[in-house]
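Data block below; observations after.
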Amino acid sequence: MLPDRAIPATTSPPAVSMETLRFLGSTSIFFRAKQGIVLKAPAKILEDQVVRERSSVARHYFVERQILDRLGEHPRVVRCLGWQAEFPTGLLLAEASHGSLQHFLESQNHNIPLYLGKKWFRQAIESVAYIHSLGVIHCDLRPDNFLVHATSPTDLDLWLCDFGGSVCEVLDLDGGGLPDAGFFDPNSVGMPTPATDIFSLGSVLYTIITGHWPYRDPGGLFHSMEEMEQYESRVGGLFKKGIFPVTKGLFGGEIMLGCWTQKYSNVDDILRDPVLSTSDFS
């Protein structure tokens, strides 16, 4: 891997005059370019978080640009508004009014009204069904990669985002992404497939309805690397044995379990589940 091409140490990178947003990705820093528009600029977490040209994350941006172009405009996918070529370079995206789903859950003390959870339950499934219909596998489905946006003063909807690690065989693209613990099937082997996303989707749906990740109490971010590693070991061990959270009595509980146990061969099968055809999602 080539080293990041950075500005020499004797020279400070040019200052960025835009407002920095609180959201931080593993390869990105986010700025508000203007009202309603976010700039996703390259950075690398655990390094210096300085915006500069980085060959180590360039692939993710190339993949994400191509995939967003293929996906086009869809109500369940974040809208790409172009590429900013001048410093700081990056993707221009529509800004979600309420940030990520993970942030929203934390701001609501991990408790949202059931009517909203049911609506987002269906919308999360719809978003994955759409990208799969165009040959895109997300590879990193989790609450941080869904955005919450007020499409009207009383309507909060989900957008799927962050396609830098995604796979699209039609476009010969492989961002090299894999889901995080709690959203990853430790028994899977080989390249990501639609089943990769379906398993992760089960955990996303579980989080929407319960307010917390599988086998993790509400509480937001990990407070230490040790805490994160303990969670990864615990949830990975349970999932590997086919032991999943109790979903009986939860809205869509059978769907969650079906995602984890390979009941569904594709996401369209989930949309045909009677729970989704007989429930009120207004």
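Going by the numbering used here, 807 is the number at position 19 of the sequence shown; the sequence numbering is gapless. Think of the CB as a built atom: it goes at the ideal place given N, C-alpha and C, for glycine as much as any other residue.
How about residue i and residue j: do their beta carbons lie closer than 9 Å?
{"i": "Cys956", "j": "Leu881", "result": "no"}
{"i": "Gly970", "j": "Val1023", "result": "yes"}
{"i": "Pro931", "j": "Ile996", "result": "yes"}
{"i": "Val1055", "j": "Ala917", "result": "yes"}
{"i": "Asp1068", "j": "Lys906", "result": "yes"}
Distance, Cα to Cα, residue i vs residue j?
{"i": "Thr877", "j": "Gly870", "result": "11 Å"}
{"i": "Arg858", "j": "His920", "result": "12 Å"}
{"i": "Leu1059", "j": "Ser816", "result": "33 Å"}
{"i": "Ile925", "j": "Thr981", "result": "7 Å"}
{"i": "Gly978", "j": "Phe987", "result": "15 Å"}
{"i": "Phe1010", "j": "Met1016", "result": "6 Å"}
{"i": "Ala1035", "j": "Tyr1003", "result": "Reading off the sequence shown, one finds Thr at residue 1035, where the question assumed Ala. Cα-Cα distance, rounded: 12 Å."}
{"i": "Pro830", "j": "His848", "result": "9 Å"}
{"i": "Val865", "j": "Leu856", "result": "9 Å"}
{"i": "Arg853", "j": "Leu989", "result": "23 Å"}
{"i": "Glu874", "j": "Gly952", "result": "21 Å"}
{"i": "Gln823", "j": "Ile1031", "result": "46 Å"}
{"i": "Ser954", "j": "Lys1051", "result": "23 Å"}
{"i": "Asp1071", "j": "Glu914", "result": "No information on residue 1071 is available, as it lies outside the stretch 789 to 1070 that the chain covers here."}
{"i": "Gly1040", "j": "Leu961", "result": "33 Å"}
{"i": "Gly1037", "j": "Pro1062", "result": "16 Å"}
{"i": "Leu904", "j": "Ser991", "result": "17 Å"}
{"i": "Pro863", "j": "Leu902", "result": "22 Å"}
{"i": "Pro1013", "j": "Thr1066", "result": "For the record, residue 1013 in the displayed sequence is Met; it is not Pro. Distance between the alpha carbons of Met1013 and Thr1066 is about 43 Å."}
{"i": "Glu1020", "j": "Gln896", "result": "25 Å"}
{"i": "Asn975", "j": "Glu894", "result": "30 Å"}
{"i": "Gly963", "j": "Cys1047", "result": "23 Å"}
{"i": "Gln1018", "j": "Thr1049", "result": "24 Å"}
{"i": "Ala912", "j": "Pro941", "result": "21 Å"}
{"i": "Gly1025", "j": "Ile900", "result": "29 Å"}
{"i": "Lys1029", "j": "Leu879", "result": "40 Å"}
Check each candidate in the options and name the one with the smallest Cα separation from residue i.
{"i": "Lys828", "options": "Arg867, Glu861, Thr995", "result": "Arg867"}
{"i": "Leu993", "options": "Glu861, Glu1042, Met1016, Gly1030", "result": "Glu1042"}
{"i": "Asp1005", "options": "Val924, Asp962, Pro1033, Pro982", "result": "Pro1033"}
{"i": "Leu959", "options": "Val851, Gly1040, Lys1029", "result": "Val851"}
{"i": "His937", "options": "Phe892, Ser954, Phe909, Asn897", "result": "Phe892"}
{"i": "Glu861", "options": "Leu904, Ile1031, Leu922", "result": "Leu922"}
{"i": "Glu883", "options": "Thr939, Gln896, Glu894, Pro901", "result": "Thr939"}
{"i": "Phe972", "options": "Phe1027, Gln1018, Pro901", "result": "Phe1027"}
{"i": "Ser1053", "options": "Ala983, Gln872, Pro974, Pro941", "result": "Ala983"}
{"i": "Gln872", "options": "Ala821, Ile900, Lys1029", "result": "Ala821"}
Looking at chain C, is there any beta carbon in it that lies within less than 9 Å of the beta carbon of residue i?
{"i": "Thr981", "result": "No chain C is part of this structure, which consists of one protein chain only."}
Pull up the CB-CB distance for residue i and residue j, whole angstroms please, since I reckon it's below 8 Å.
{"i": "Asp943", "j": "Pro967", "result": "Not a contact, Cβ separation roughly 29 Å."}
{"i": "Leu946", "j": "Trp908", "result": "5 Å"}
{"i": "Gly999", "j": "His886", "result": "16 Å between Cβ atoms; not a contact."}
{"i": "Leu1074", "j": "Phe934", "result": "Nothing in the structure corresponds to residue 1074, since the chain is present only between 789 and 1070."}
{"i": "Arg1071", "j": "Leu1045", "result": "No answer is possible for residue 1071: the residues shown for the chain start at 789 and end at 1070."}
Original post:
Which runs of the alpha helix (DSSP H) fall wholly inside the stretch 899-948 and span at least 4 residues, in chain order?
Top reply: 902-921
Original post:
Where in the stretch 952-1019 do unbroken runs of the beta strand (DSSP E), each at least 3 residues long, occur, reported from the N-terminal end onward?
Top reply: none
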